[in-house]
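This report refers to the structure that appears directly beneath it.
4 protein chains.
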Amino acid sequence: MEINGVEIDDTFAEAFPIKIGRVLITAISERWALEAAREATGFGTSVIMCPAEAGIECIVPSTETPDGRPGVYIQICNMSWKSLETSLLARIGQCVLTAPTTAVFNGLPEAEKQFDTGKKLGYFGDGYQCEIKYCNRNFCKIPIMEGDFLVEETIGAVDGIAGGNFYILGQNQPAALMAAEAAVDAISKLRGTITPFPGGVVASGSKVGSRYKFLKASTNVAFCPSLKEQGVCALPENVTAGYEIVINGISREAIEEAMRVGIRAACTVPGVLRISAGNFGGKLGPHQFHLHRILD
Amino acid sequence: MEINGVEIDDTFAEAFPIKIGRVLITAISERWALEAAREATGFGTSVIMCPAEAGIECIVPSTETPDGRPGVYIQICNMSWKSLETSLLARIGQCVLTAPTTAVFNGLPEAEKQFDTGKKLGYFGDGYQCEIKYCNRNFCKIPIMEGDFLVEETIGAVDGIAGGNFYILGQNQPAALMAAEAAVDAISKLRGTITPFPGGVVASGSKVGSRYKFLKASTNVAFCPSLKEQGVCALPENVTAGYEIVINGISREAIEEAMRVGIRAACTVPGVLRISAGNFGGKLGPHQFHLHRILD
Amino acid sequence: MEINGVEIDDTFAEAFPIKIGRVLITAISERWALEAAREATGFGTSVIMCPAEAGIECIVPSTETPDGRPGVYIQICNMSWKSLETSLLARIGQCVLTAPTTAVFNGLPEAEKQFDTGKKLGYFGDGYQCEIKYCNRNFCKIPIMEGDFLVEETIGAVDGIAGGNFYILGQNQPAALMAAEAAVDAISKLRGTITPFPGGVVASGSKVGSRYKFLKASTNVAFCPSLKEQGVCALPENVTAGYEIVINGISREAIEEAMRVGIRAACTVPGVLRISAGNFGGKLGPHQFHLHRILD
Amino acid sequence: MEINGVEIDDTFAEAFPIKIGRVLITAISERWALEAAREATGFGTSVIMCPAEAGIECIVPSTETPDGRPGVYIQICNMSWKSLETSLLARIGQCVLTAPTTAVFNGLPEAEKQFDTGKKLGYFGDGYQCEIKYCNRNFCKIPIMEGDFLVEETIGAVDGIAGGNFYILGQNQPAALMAAEAAVDAISKLRGTITPFPGGVVASGSKVGSRYKFLKASTNVAFCPSLKEQGVCALPENVTAGYEIVINGISREAIEEAMRVGIRAACTVPGVLRISAGNFGGKLGPHQFHLHRILD
Chain C
89 MEINGVEIDD TFAEAFPIKI GRVLITAISE RWALEAAREA TGFGTSVIMC PAEAGIECIV
149 PSTETPDGRP GVYIQICNMS WKSLETSLLA RIGQCVLTAP TTAVFNGLPE AEKQFDTGKK
209 LGYFGDGYQC EIKYCNRNFC KIPIMEGDFL VEETIGAVDG IAGGNFYILG QNQPAALMAA
269 EAAVDAISKL RGTITPFPGG VVASGSKVGS RYKFLKASTN VAFCPSLKEQ GVCALPENVT
329 AGYEIVINGI SREAIEEAMR VGIRAACTVP GVLRISAGNF GGKLGPHQFH LHRILD
Chain Y
89 MEINGVEIDD TFAEAFPIKI GRVLITAISE RWALEAAREA TGFGTSVIMC PAEAGIECIV
149 PSTETPDGRP GVYIQICNMS WKSLETSLLA RIGQCVLTAP TTAVFNGLPE AEKQFDTGKK
209 LGYFGDGYQC EIKYCNRNFC KIPIMEGDFL VEETIGAVDG IAGGNFYILG QNQPAALMAA
269 EAAVDAISKL RGTITPFPGG VVASGSKVGS RYKFLKASTN VAFCPSLKEQ GVCALPENVT
329 AGYEIVINGI SREAIEEAMR VGIRAACTVP GVLRISAGNF GGKLGPHQFH LHRILD
Chain A
89 MEINGVEIDD TFAEAFPIKI GRVLITAISE RWALEAAREA TGFGTSVIMC PAEAGIECIV
149 PSTETPDGRP GVYIQICNMS WKSLETSLLA RIGQCVLTAP TTAVFNGLPE AEKQFDTGKK
209 LGYFGDGYQC EIKYCNRNFC KIPIMEGDFL VEETIGAVDG IAGGNFYILG QNQPAALMAA
269 EAAVDAISKL RGTITPFPGG VVASGSKVGS RYKFLKASTN VAFCPSLKEQ GVCALPENVT
329 AGYEIVINGI SREAIEEAMR VGIRAACTVP GVLRISAGNF GGKLGPHQFH LHRILD
Chain L
89 MEINGVEIDD TFAEAFPIKI GRVLITAISE RWALEAAREA TGFGTSVIMC PAEAGIECIV
149 PSTETPDGRP GVYIQICNMS WKSLETSLLA RIGQCVLTAP TTAVFNGLPE AEKQFDTGKK
209 LGYFGDGYQC EIKYCNRNFC KIPIMEGDFL VEETIGAVDG IAGGNFYILG QNQPAALMAA
269 EAAVDAISKL RGTITPFPGG VVASGSKVGS RYKFLKASTN VAFCPSLKEQ GVCALPENVT
329 AGYEIVINGI SREAIEEAMR VGIRAACTVP GVLRISAGNF GGKLGPHQFH LHRILD
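Protein chains in written order, with my numbering: chain C, 89 to 384; chain Y, 89 to 384; chain A, 89 to 384; chain L, 89 to 384.
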């Protein structure tokens, strides 16, 4: 299979189940909604050593937010409901409550699972917090230095999927990287998915396990161009650099759409030679996303 | 004391000791150095509930970095050397090693305290990592999908100060916020300090303690404009919003300079009425920064 | 009429007919599409002394562009077909043909009026240009240093409207400015309109005519807060700053939608006191946009 | 000569004399200073068909501007004093006077040549403008909707140089483009120079003259990779894309420094193969910048 002359490997991405909380942050301007969202989703690339996986899903125009202000959806992902609850409390409390002019809306009001994060954040009000109706929803109002912080009492979460992915293999670093940027640009317009790594891109895709007992993941040697001489890298001669796009999402369909849109965008960039994906014999997880089926 | 008609309270900022690690990230372009830096310093506003306090110190022109590429200094701050070591390992490993095209240099090579963070990150190479000389320093080279990741073997750290601060009190939210933005713009050009909150600004300055036993910090009621009727807010009638700029730095002098430069910038914005600072009877820490002395 | 406590004046915006050419620029990434668009639409605020009015209409996701790359719609506006043709040739030739990785698509392929701008730009190829089919349209291919530049042979244009507007009057500069930013954020998500002034905002709204014969427009004294003592400014005491949002669009409906969406967004910002609009007894033009009717 | 394995051609850039006006724009925040600067310098790549060449020189920290606010230096360049005066009046009047919160300072107060641009802009005040002392300089104060616009009465200009340049030749478009971005990042930190093309980069470097009488410049066929088969392109097989960085500056030394810093930055990017420069047998102009001498 080829797109614009780029070979698409007949392989699949292996992914795993994760719990995803979703939050809508609004602010006085798009710029300030983004500042809060970036802080709240930082240090959130992989649950291997980050306290959560997190990312910005998309910008929401003021015409589509409950309070008529510019907004941003973010997702926060953890392996258990318990750790997700901790993440939501800490990240919203430390990074959105503290951010200028923000309000926090439940990003999954229909979900079965609901955390009373907003209610708990209320204690920061030191007794001066109160319940109010806001945009026809139940909110907590907390007096703060800039005025009042409004946060919906509950934040919803769902069983989602983490680790959806594809690899972009290129003639050199800049070609693969610009293709990764084009892919992330495209995915950032969709709803339901995040690309949690820096700028949406992974420079150091990993495999499950390592030769060291204390390390659960290590560099994906089969895709490391500088290991060709050692005979552990199977990449062809003309591939000298690759990037991985990792995608988390609230549904299988959302991840498939993101992979489709991202791969197509990557294949418009000169110097991109091949698209592949990462799978680990089921050691990572039960979900499979076959490139050829998605792109058909 | 007045600057441009803005009253400067005769008060002081109270601050506390913290351990600060400093890292220079370089990348193929300023944009990608910043992406890595943002991810590595996210979820890093306050040690109350974040795993570290962290922020971008400043952009470094390619003419001033060891490898001649655009760079960014970041700081990562923890209460103990042990937790700082954990933070450095996790944040560099998960957010910079994974970021496209980055290299990592020790940001405090002269400091007495040095962590072997780079060496430890090497294990990600699964046996293919190696020591090299790079820019006349000792580096670890780790094969990854984009090529080779270069990280200096040691990262230095010093006893620094956290919680340097000033308050910007305004006629309304936008006035105080734009002044905060001007202050952060100014501080971002200096070396040695970070403003770890979202966009550099705190909307919800806190006091030490609360009426709830489980909560170590709560809203600073004396500066909450919406609590005027309750009699706990001492702000004058015309102040309806305030922001706090929190500053961490590697030395007392760096924080003083940042406060001076930040306050002066804030006082150029229309609608700013008063500058104050937060102190808590010594409950927060031993360091004091008196506004009038700094601005003299 | 009030929105969020902000008074909406019972007045109207006066606007005038203009010719609008519309271009879709695509590029390797959204960032580079925007760089080209910004250069091509710069020095384009008002036909009073600029060679055209011009602006970025909106970002177009790669899933919606003919070549599958990120895109940006721009509009270029002139008083006559002749001057518009000159503008299109010069702005696309000097600012898009020269910009990295761009391609140029006709933004109004259905319009009756079509300029052969792309064909004329072909001469830059010095004989090596050629006609090709691209995305099922007629293009000119021009060999350049980065490879080949692709530009659609014709660029469409329509009779549009310039000078749609509203005023945001605030307690101080930052409040009115942040409201203007929120309005521009909102309008930038719509199709069919541009806000041609710097960052979408006018700080110095003008009236038609002046006391000097050589000057066709001058400061709108009735809305200049610093002229209250002179008795020429009719603004109430509490208004100390105002901004104008000027909107050009390819149809009356597009401008009405932009005014509606922009005013609503502006009214979410604290410190905004009043919304008004500019009209000049018909001296500017025949089109009228009544605020109350639009907002009903 | 080689830098990081990149071959530096033994050639020179040919450049020509130009008149340069320099302006310091300050604003409430760096963001708004940049918005004004971008609008004022847009549609300003080449005097061939733009009304001026123009660009952002550098950001100026608030600690270094006369009014203590964030600032940006811009340069505006024309072939004659007369056309430069027209450009200054139109670009400052239409793009900075109209931009939110800006003030305008003379960027070359020591220059012999001074235009009374600020004074002339005063007429926009329709009789309400006045002279004032501001930051110890002579300013014109013009009442506008946001308050008062302050512009220094005179704007200085010097005999400068346009067309300083170098070429970045790469294995593919993304490699050459990322190198161009790194070069522009580096040059943007220097004082005295601008890179007037979109994002600082030229995709379609030109030669003097063409086979068409009406066209003074046309594609630089010797450097067009897609013309290798026609025998007019002399580039080696492995070069498939090139970009030109064009530099204007207020002195020969400023341009040399920008070329040196820019070339060095470009040579850090993988996939860059060669650096060259454009010269045209003296048809473009009398100034020569020899790469090997500059880089020694």
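The beta carbon of each residue, even a glycine, is placed where N, CA and C say it ideally should be.
Within the same chain, and ignoring the five residues on either side of residue 236 of chain A in sequence, the residues whose Cβ sits closer than 7 Å to its Cβ are 229, 230. Legend: CB atoms of the region 349-362 of chain A lying less than 8 Å from CB atoms of chain Y belong to residues 357, 358, 359.
The C-beta of residue 309 of chain C comes closer than 8 Å to at least one C-beta of chain Y. Under the 8 Å criterion on CB atoms, residue 260 of chain A is classed as interfacial with respect to chain Y. Here the alpha carbons of residue 303 of chain C and residue 217 of chain Y stand approximately 14 Å from one another.
Nearest to residue 383 of chain Y by C-alpha distance, out of Y:374, Y:194, Y:350, Y:373, is Y:350.
Taken through DSSP and simplified to helix, strand or coil, residue 152 of chain C comes out as helix. In this structure, residue 227 of chain L keeps its C-beta atom at 8 Å or more from the C-beta atom of residue 244 of chain L. 266, 269, 270, 273, 274, 277: these are the residues of the region 266-280 of chain L whose beta carbon lies less than 8 Å from some beta carbon of chain Y, given in chain order. Residue-level contact check: residue 134 of chain A does not touch chain C, since none of the beta carbons of chain C fall below 8 Å from its beta carbon. Under the three-pair Cβ rule at 8 Å, the region 183-198 of chain A counts as touching the region 285-300 of chain L.
With 16 or more other Cβ atoms inside 10 Å of its own Cβ, residue 139 of chain L counts as buried.
In the DSSP assignment, residue 202 of chain L is bridged to L:244. Within 7 Å of the CB of residue 179 of chain A, the CB atoms of chain L belong to 131, in sequence order along the chain. Taking a Cβ-Cβ threshold of 9 Å, the residues of chain C close to residue 318 of chain Y are 216, 231, in chain order. With respect to chain A, the C-beta atom of residue 199 of chain L has no partner C-beta closer than 8 Å. For a cut-off of 8 Å, the C-beta gap from residue 376 of chain L to residue 141 of chain L is around 20 Å, too long to register as a contact.
Among the residues of the region 145-156 of chain Y, those with a Cβ less than 8 Å away from any Cβ of chain L are 149, 150, 151, 155, 156, in the order of the chain. Comparing alpha-carbon positions, the option among Y:209, Y:222, Y:334 lying closest to residue 271 of chain Y turns out to be Y:334. Between the alpha carbons of residue 268 of chain A and residue 366 of chain A lies a gap of roughly 16 Å. Exclusion of the five residues before and after residue 91 of chain C leaves 355 as the residues of its chain whose Cβ lies within less than 6 Å of its Cβ.
Look at residue 125 of chain C: its C-beta is not under 8 Å from any C-beta on chain L. The alpha-carbon separation between residue 251 of chain A and residue 336 of chain A amounts to approximately 6 Å.
Within the same chain, and ignoring the five residues on either side of residue 213 of chain A in sequence, the residues whose Cβ sits closer than 7 Å to its Cβ are 230, 231.
Below the 9 Å Cβ cutoff, chain C contributes 266, 267, 269, 270, 356, 357, 358 as neighbours of residue 116 of chain A, in chain order. In chain order, 214, 215 make up the part of chain C whose C-beta sits under 7 Å from the C-beta of residue 299 of chain Y.
Between residue 242 of chain Y and residue 110 of chain Y, the alpha-carbon positions lie close to 11 Å from each other. Taking the C-beta atoms as reference points, residue 148 of chain L is found nearer than 8 Å to residue 160 of chain L. Scanning its chain for C-beta atoms nearer than 7 Å, with the 5 sequence neighbours on each side dropped, one finds around residue 307 of chain Y the residues 292, 294, in chain order. With its beta carbon at least 8 Å from every one in chain Y, residue 139 of chain L lies outside the interface.
Interface with chain Y (8 Å Cβ-Cβ cutoff): residue 105 of chain L is excluded. According to the DSSP assignment, residue 381 of chain Y belongs to the alpha helix (DSSP H) that extends over 379-383. For a Cβ distance threshold of 8 Å, residue set 270, 273, 274, 353 of chain Y lies close to residue 158 of chain L, ordered along the chain. C-alpha of residue 177 of chain C to C-alpha of residue 372 of chain A: approximately 55 Å in a straight line.
One thing to note: residue 346 of chain C has its Cβ no nearer than 8 Å to the Cβ of residue 151 of chain A. Proximity of chain C to residue 185 of chain Y at the Cβ level (cut-off 9 Å) is accounted for by 291, 292, in chain order.
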